[in-house]
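Trainee: Protein chains in written order, with this note's numbering: chain X, 1 to 303; chain W, 1001 to 1442; chain P, 2001 to 2289.
I have a structure I would like to understand better, so I am pasting it below and will then ask my questions one at a time.
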Amino acid sequence: MGTANRLTPWLFLAPAVVVLGIALLYPIGYMIYASFLSWSPSERIGDAEWIGWRNYTNLWTDEAFRESFLVTLKFAAAVVTIEMVLGVGLALLLDRKLRGMTVLRTIFILPMMIAPIVVGLMWRYMYHPTVGVFNRTLKSLGFDGAPWLSDGTWAFWSVVIADVWQWTPFIFILALAAMQSLPRSALEAAEIDGATEWQKIWYIKIPLMMPVLIVTLLLRLIDAFKVLEVILVLTNGGPGLSTEIVALRIFRTAQEFQELGEAAAMSNVLLLMLMALTILMVGYNWLQERRAMRLRVVAETGK
Amino acid sequence: MMMNLMKPAALALAGIAFSGAALADPYDAYRGQTVVANFPAHPHYDAVMKVLPQFTEETGIKVEVDQLQYLKMREKQTLELTKRRGEYDLIGYVVFSKADYVFADQLENLAKYFMNPKLADPTYDADDLIDGYVQNIGVAGGTKGYLPGKTGSLFGLPFGSETSVLAYRKDIFEKHGIDVPENYDQLLDAACKVPEVEDGMGGMASRAASGHQASHAFLLHLAPLGGRVFDDQWNPIINNEAGVAAANALKTIVDCGPEGSQTFGPSEAAASFMQGDSAMFMDSIAFAANFENPEKSKVAGKVGYALHPEGVRRGSQTGGFGIAIPKNAENKEAAFLLMQWLTSKKGDLAVAMQGGNPSRFSTYENADLNEKYPYSATFGEALKYADPDWRPIIPVWGKINADIGTTMSKVLTEDLDPQEALDGVAERAEAIMDDAGYYTWR
Amino acid sequence: MTDTRRANPAFYALLVALIVMSLGPILLMLATSFKMNVDVYDSGVSAFFFTPTIANYEEVLCDVLWYEPASVDYCDPTFGRALGNSLIIALISTALTLTIGCMAAYALVRFRFMGRGVVSTTTLLMRMVPPAVLLVPIFGIWTFQFGLDRTFSGIILVYTAMNLPFVIWILQSFIVQVPVQLEEAARMDGANPFQTFFLVVLPLIKPGLAAAAIFTFRIAWNEFLLANALLGRNTRTVPVTIVNSITEYDINWGVIMATGMLLAIPPILFTLVASKQIITGMTAGAVKG
């Protein structure tokens, strides 16, 4: 192998490495450094005071941050659970030859493509206490309007509903694809044995889909921690702190309170959490691949 | 003989005309320059937009305006002002930004402009500017750092300044025999009586959304009820009896208010009033022009205006905006000329006639204005009780303000006990103040 | 899949309900964008049946219209400008991301070299970095070190970096499927690696490129947070303009929904035209991991 050959992959990689280095790795390093500073946007980063771990210890004692941390966990758990159940459930129901399935799938992915800002606006309009469709419908039926965004618990679930609306299709599409690529032989064998529809779902479809479902779940979980714009527009974290997720807290700490160091420390905490989830996902995938490979080896040598 | 007499006069006239062309156009040197202004999206500045073409025509200075929602504008400015070369030559700023900007040395001291004979208009008549506004919005460095005082100096001019008044539905009040509230007891009674007697109507529409809005609403009642956020030694006293009374007042108002009140920002509150869903609205005078606009408002002509009711004292808010020149501006002198023109007697009146809020006594006394906007007299009266110290304008205010806001929102929506809530605010505020060095001289 | 029995009415009812739920909010936004503000607030006016008006669109687009709309008394040029900015930024950053991304993906799939594992894992890990985390450092660096604030190139660089990990990841799964024999044949014919890549491999992964392009465009087109912190008066994008225009004094739902609709139209069009590619891209991404 000549040097030219050894260089070739790097020539292909160079632009990506440069861009990622400048605009992703370096900023992350910068942020880690900034998280040890007491830094406001009115001073240069070089003039900011080094305060060691104080931003982190402050976070630990900061009730508001703790609360928004909890809200984030609650939000991610609620959203992912509901979306998985609904998405997989719908996929099971709609897994049949159906004319117009393409049209249907197109309709389902529309919500995902729309800007989070717009999704927030749309739902804010629908949740509006007087002009919103929900309260108008309730009132025309003779009920009282509901406090969609004006009560902590309601607001939390209203935000969850908006996210479920936008992202359930994601799970649905992935689950459906996984289901349609299941080995037909297994299902046919079950049918010959007289398995009921439920038994097929529980003992064959779900277990075989498990690897894809787990990856999907982790992907969604990671994305749920990133949600920001929808909530920013819908509630801006309120009422109280009932919908203030960490990403929003970072945004407000940086732009509203101008505590860049503290915002950087929060960012690091969020990043670590997401890093852990990603490693979990990658690790799981790796295990799956190893197992598949071993099975293949067994199958081949068995022949 | 006649001819002889005429000649010198004609010469003199010609001379005046001539020198007028050369000297009386102080704008000449700046002709063709562009001033980039950053203004809030606010009725006063919407009125300004209609007057600006007149400025360009008279002076030859072009103006480009970037109008933003005011909290977004503040965020943008805090970033923009840190840069070596800023994008804006003139900024409209929210009152509570004064401390941040001046403390970070980001605004031009206006003294050097008013001293400059080429720039300062001798007929400007600064004494005509409303004292309370100038002190609250323009002056920094006096008592407690943010109040007027001997050590203060001028960094901005009030423009789009506001105080609070009570707007109420004359027809509804008359129909049910409700008197216009003069004190807080009457106010709260009226607020809760309306939903009982008028089906589907809320008592008073108030801001209450979590964050800045809820804090603003709370502070609006704190001053008249005798409270303060800090005492003179910067000890938090927000949790004393007056504070609890203010929190309870706000809670009563929101509970008896229109549906969904808990999420209202000023726009939603004003919309509720304009749609006839609430009988009262107590907030900035800036909204009045929209209330009287039949295209936007269903209640035009039915609205009465009264002074902010008295608690243990009179104390309406002082808020709104000022204009200032950033240190990193490019065309500072042209920006000053625009600023001076806008706040001059002529400019102030022109903006007021388009529905803006006057910053000058003379404008409030103007007969044309009072004819066009009959409520102007009440507003002028309200100004006398405007309280410049209704909230502390200190650099750490943003954080304390946000904390008050989220905590108040919890009082309003989660039935958190007001005393407990305010004790928490006081404790956290003390920590923030300590951290910022306010107790260094103890 | 094996269902041949007649589906019962409940099944079709469910389908209809699902369609209504997905489309309802979007249609409501569309309807409201043609509604006068007075009608929005009037509870006597139905959500979908009313006298439509294009005044809201005229107000938003007054700057780029060829005529002067009668309904607009003061024309605010910001939205028209923002629409142009958004297009430039999204298109250029998508093109850049794809070019850089497919080259990198190719290198990771087809070459075995020192450091491959590190590059591959780092890329994968960076996929999860949320924009909120980048807010502080990107603002600081771009403004005070690079002097790229307020510029198109600044935000394009950010978006390219943000989307690269995803694009590299998704394209890998498409490149793997290209038969190696084709490339070897090309190399036999004397093509250098770059020619092989651009002339042989690229045309074969078009579906993957299409999917990646749509996802990249969508993120660049929709992003708010970093655009808000970085861009200036003249370079602002549509999402930033929308948030800036929600004022405290006069919420005009018709106009807001019209701006929202304009922002939503390009992604909706893409979806209608290329839903197959989008679904392929999504599934490829998840299954590959």
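C-beta atoms are modelled at their ideal positions from N, C-alpha and C, and glycine is treated no differently.
From a predicted model like this one, the values you see are computed outputs, not experimental measurements.
Between the C-alpha atoms of isoleucine 2141/P and valine 2064/P, what's the straight-line distance to the nearest angstrom?
Mentor: Their Cα atoms are separated by approximately 35 Å.
Trainee: Beta carbon of arginine 1313/W, beta carbon of alanine 1223/W: below 9 Å?
Mentor: Going by C-beta atoms, arginine 1313/W is nearer than 9 Å to alanine 1223/W.
Trainee: Aspartate 2222/P touches chain X at which residues, Cβ-Cβ below 9 Å?
Mentor: The question names aspartate, yet the displayed sequence has asparagine at residue 2222/P. Chain X residues near asparagine 2222/P: Met113, Ile114, Ala115, Pro116, Ile117, Val118, Glu229.
Trainee: Compute the Euclidean distance between the alpha carbons of tryptophan 60/X and alanine 265/X, then round it to the nearest angstrom.
Mentor: Using only the alpha carbons, I get a separation of about 11 Å.
Trainee: Say whether chain X places a C-beta atom closer than 9 Å to the C-beta of leucine 2204/P.
Mentor: False, the Cβ-Cβ gap to chain X never drops below 9 Å.
Trainee: With 16 other CB atoms within 10 Å as the buried threshold, where does valine 2118/P fall?
Mentor: Classification of valine 2118/P: exposed, given that the 10 Å Cβ count is below 16.
Trainee: Of the residues Gln1419/W, Asp1089/W, Glu1087/W, Gly1276/W, which one's Cα is nearest the Cα of glutamate 1198/W?
Mentor: Checked all of Gln1419/W, Asp1089/W, Glu1087/W, Gly1276/W; the closest Cα to glutamate 1198/W is Gly1276/W.
Trainee: So the candidates are Ala2211/P, Ala2185/P, Thr2241/P, Leu2015/P; which of them puts its Cα closest to the Cα of arginine 99/X?
Mentor: Of the listed residues, the one whose Cα sits closest to arginine 99/X is Leu2015/P.
Trainee: Rounded to a whole number of angstroms, what is the C-alpha to C-alpha distance between alanine 2132/P and tyrosine 284/X?
Mentor: Spanning the two alpha carbons is a distance of roughly 27 Å.
Trainee: Restricting to runs no shorter than 4 residues, where is the alpha helix (DSSP H) found entirely within the segment 1266 to 1299 of chain W?
Mentor: Counting only runs of 4 or more, we get 1266 to 1274, 1288 to 1291.
Trainee: What does alanine 1306/W pair with, by DSSP beta-bridge criteria?
Mentor: Per DSSP, Leu1166/W.
Trainee: So which residues of chain P does lysine 1098/W contact, with C-beta pairs closer than 9 Å?
Mentor: Going along chain P, no residue has its Cβ under 9 Å from lysine 1098/W, so there is no contact; the nearest lies around 19 Å.
Trainee: Using a Cβ cut-off of 9 Å, which residues of the segment 2134 to 2153 of chain P contact any Cβ in chain W, in chain order?
Mentor: Of all residues in the segment 2134 to 2153 of chain P, Phe2139, Thr2143, Phe2144, Gly2147, Asp2149, Arg2150 have a Cβ within less than 9 Å of some Cβ in chain W.
Trainee: DSSP three-state label for leucine 2204/P, please.
Mentor: Leucine 2204/P: helix per DSSP, three-state reduction.
Trainee: Could you name the residues of the same chain whose beta carbon sits closer than 6 Å to that of isoleucine 1016/W, not counting the 5 residues immediately before and after it, in chain order?
Mentor: With a pLDDT of only 45 at isoleucine 1016/W, under the threshold of 50, the placement of this residue in the model should not be trusted; the figure read from the coordinates follows. Taken in chain order, the list of residues that qualify is empty.
Trainee: Helix, strand or coil for tyrosine 1385/W, going by three-state DSSP, please let me know.
Mentor: If DSSP states are grouped into helix, strand and coil, tyrosine 1385/W belongs with coil.
Trainee: Could you list which residues in chain W have their beta carbon closer than 7 Å to that of threonine 196/X, in chain order?
Mentor: Result: empty, since nearest Cβ-Cβ is about 48 Å, beyond 7 Å.
Trainee: Would you tell me roughly how many angstroms separate the C-alpha atoms of leucine 219/X and aspartate 1171/W, rounded to the nearest one?
Mentor: Their backbone Cα atoms lie some 59 Å apart in a straight line.
Trainee: Spell out whether any CB of chain W is found under 9 Å from the CB atom of leucine 20/X.
Mentor: No, leucine 20/X lies away from the interface with chain W (no Cβ there is under 9 Å from its Cβ).
Trainee: Apart from the five residues on each side of it in sequence, which residues of its chain come closer than 6 Å, Cβ to Cβ, to methionine 281/X?
Mentor: Excluding sequence neighbours, methionine 281/X sits near Leu218.
Trainee: Terminal residues of the continuous beta strand (DSSP E) containing phenylalanine 1321/W?
Mentor: Run containing phenylalanine 1321/W: 1318 to 1324, per the beta strand (DSSP E) assignment.
Trainee: If you follow the beta strand (DSSP E) that asparagine 1038/W is in, where does it begin and where does it stop?
Mentor: Counting along the chain, the beta strand (DSSP E) containing asparagine 1038/W begins and ends at 1034 to 1040.
Trainee: Going along chain W, which residues have a C-beta under 7 Å from serine 267/X?
Mentor: Simply none; closest approach about 17 Å.
Trainee: So is tryptophan 53/X buried or exposed if we call it buried at 16+ other beta carbons inside 10 Å?
Mentor: Tryptophan 53/X should be labelled exposed.
Trainee: Does the CB of aspartate 2189/P have a neighbour CB from chain W at under 9 Å?
Mentor: No, no contact with chain W.
Trainee: By the criterion of Cβ-Cβ separation under 7 Å, what are the contact partners of glutamate 1162/W in chain P?
Mentor: Those within 7 Å of glutamate 1162/W in chain P number zero; the least Cβ separation is about 12 Å.
Trainee: What are the start and end residues of the alpha helix (DSSP H) that includes valine 973/W?
Mentor: It is not possible to answer for residue 973/W, since the shown part of chain W is limited to 1001 through 1442.
Trainee: Interface residues of chain X around serine 2129/P at Cβ under 8 Å?
Mentor: The sequence as given places valine at residue 2129/P; serine does not occur at that position. The answer, in chain order, is Leu24, Ile28, Leu271, Leu274.
Trainee: Does asparagine 2252/P come out as helix, strand or coil in the three-state DSSP assignment?
Mentor: Correct three-state label for asparagine 2252/P: coil.
Trainee: Tell me whether isoleucine 222/X sits in a helix, a strand or coil according to DSSP, three-state version.
Mentor: Isoleucine 222/X: helix per DSSP, three-state reduction.
Trainee: In its own chain, which residues sit with a C-beta less than 7 Å from the C-beta of isoleucine 1432/W, not counting the 5 before and 5 after it?
Mentor: Closer than 7 Å at Cβ, skipping near neighbours: Val1396, Lys1399, Ile1400.
Trainee: If we count the other Cβ atoms within 10 Å of its Cβ and call it buried at 16 or more, is alanine 1022/W buried or exposed?
Mentor: Unreliable placement is indicated for alanine 1022/W, whose pLDDT of 47 sits below 50; the coordinate value is still reported in the next sentence. Exposed.
Trainee: So, for isoleucine 1178/W: in the same chain, excluding its five sequence neighbours on each side, which residues have a beta-carbon less than 7 Å away from its beta-carbon?
Mentor: Taken in chain order, the residues that qualify are Ala1190, Lys1193.
Trainee: In chain order, which continuous runs of the alpha helix (DSSP H) of length 4 or greater are located wholly inside the segment 1175 to 1248 of chain W?
Mentor: Here the runs fully enclosed are 1184 to 1197, 1212 to 1222.
Trainee: Is glycine 1145/W helix, strand or coil by DSSP?
Mentor: DSSP places glycine 1145/W in helix when its eight states are reduced to three.
Trainee: My output table needs one value for proline 1258/W: the three-state DSSP class, helix, strand or coil.
Mentor: DSSP places proline 1258/W in coil when its eight states are reduced to three.
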